[in-house]
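Q: Would you mind keeping the following structure in view while I ask a few things?
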């Protein structure tokens, strides 16, 4: 039986791997420093974890290195635990609380069934639903089926992962692994409808050397007010193990948007570099714990989208074997004529809209496989938070530390 200490260490490792992936991808996807950015670290992590679940050899080791795990069995267990905390499958959607949906899908060619072991782990750990399609003779129809799933899973915020007729799905496609996330939450405290969201009340703001962090919690349905996410973990760490084992109350997911605002108007890139170099504990260590009185408070409304292949970014981060003819993915599909699999591409789409009411966001990641060869300082009594220059943002679940969405805003008037 797993001890409480071992479970805590495993949970920490999972969220740490996700955070490191988020930081590294942010740096790669914003290399041009010319555009707004939004993407879902959790969606990309989940899709790549599904690929890792069927990998061996160098292909597996590169994926595990990126995802922050030591074995594929451990990764599957960790992902299942992370999802149970961040996006519980059986949690009721309370009136007034955030609506959060997470789904994974597998589409395999009818001539190449999934192996029973892979189907089992995909279902148990990743909540995946598998479907047989005809890639060989009807790739267009298979594309339509996948896009209908994407639209349903993202509440129509994203209508497709690939355009019909796209070369991403063709007669050589044997398996498509996809993940989708949808989030909609209202602010716990309302803000004024204007060009900038304004508030004359106190806010969760942390003041640090060269930057500030704003935490805007989303409303929780059902009237319950658990101890604030990361603070709950700290409180539990102080409880004697014997007593902790008897405590059955686990806080429900607690979602917030965090805005990282550099003091310097051109300080976004150095701040993102600092976050990337500081490791997975950066956000936890700089999360505002107390409300402070605000003076001038302005955060712009924004609506962003992203649609691109992340294959190049993943290769730059060390995942190379999966994309070549020597890919080792033998445990996903039953063999037919010794036909090996490789990952042809990984596509990612994400959208987010933030306004005076709250946030609505969605993301989808698709892996297309073909056959072939520091402690914060005490803030001053009154704090200004004026986001009138580039800033970074994250939508996080605080209990698990899962990062659902991340990005930065250079120009809020552009999507």
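Residue numbers (UniProt numbering): 1 to 415.
We treat Cβ as the ideally placed atom computed from N, Cα and C, and that holds for glycine.
Since the structure is predicted, the reported quantities are computational estimates derived from the model, not experimental observations.
1. Got a sec? Which residues, its chain only, sit under 6 Å from residue 394 by beta carbon, not counting five neighbours each side?
2. What does the alpha-carbon distance come out to for the pair residue 73 and residue 53?
3. Answer yes or no: do residue 206 and residue 288 have a C-beta to C-beta separation smaller than 8 Å?
4. Taking only three categories from DSSP, how would you classify residue 342?
5. Can you tell me whether residue 277 is buried or exposed? The criterion is at least 16 other CB atoms within 10 Å of its CB, across all chains shown.
6. On a Cα-Cα basis, can you pick out the residue from 114, 41, 348 that is closest to residue 329?
7. For residue 119, which residues of its own chain have a beta-carbon under 7 Å away from its beta-carbon, when the five flanking residues on both sides are left out?
8. Pull up the CB-CB distance for residue 86 and residue 400, whole angstroms please, since I reckon it's below 8 Å.
9. Using 8 Å as the threshold, is the C-beta distance between residue 105 and residue 358 below it?
10. So residue 65 and residue 321 are supposed to be a Cβ contact under 8 Å. How far apart are they, rounded?
11. Could you tell me which residues DSSP pairs with residue 109 in its beta bridges?
12. CB residue 67 to CB residue 48, shorter than 8 Å?
13. Measuring alpha carbon to alpha carbon, tell me which of 305, 17, 169 ends up nearest residue 348.
14. Using three-state DSSP, classify residue 189 as helix, strand or coil.
15. Within 10 angstroms of its Cβ, does residue 156 collect 16 or more other Cβ (buried), or is it exposed?
16. Ignoring anything shorter than 3 residues or poking outside the stretch 31-93, list the beta strand (DSSP E) runs there in chain order.
17. Near residue 353, which residues of its chain fall below 6 Å by C-beta distance, leaving aside the five closest residues on each side in sequence?
18. Nearest-angstrom Cα distance between residue 101 and residue 159?
19. By how many angstroms is the C-alpha of residue 109 removed from the C-alpha of residue 213?
20. Considering just the uninterrupted stretch of the alpha helix (DSSP H) at residue 124, what are its terminal residues?
A: Inspection of the coordinates gives the following:
1. 258, 403, 406
2. 8 Å
3. yes
4. strand
5. exposed
6. 114
7. 130
8. 4 Å
9. no
10. Not confirmed; about 11 Å, so no contact.
11. 133
12. yes
13. 305
14. coil
15. exposed
16. 37-39
17. 303, 360
18. 16 Å
19. 47 Å
20. 116-126
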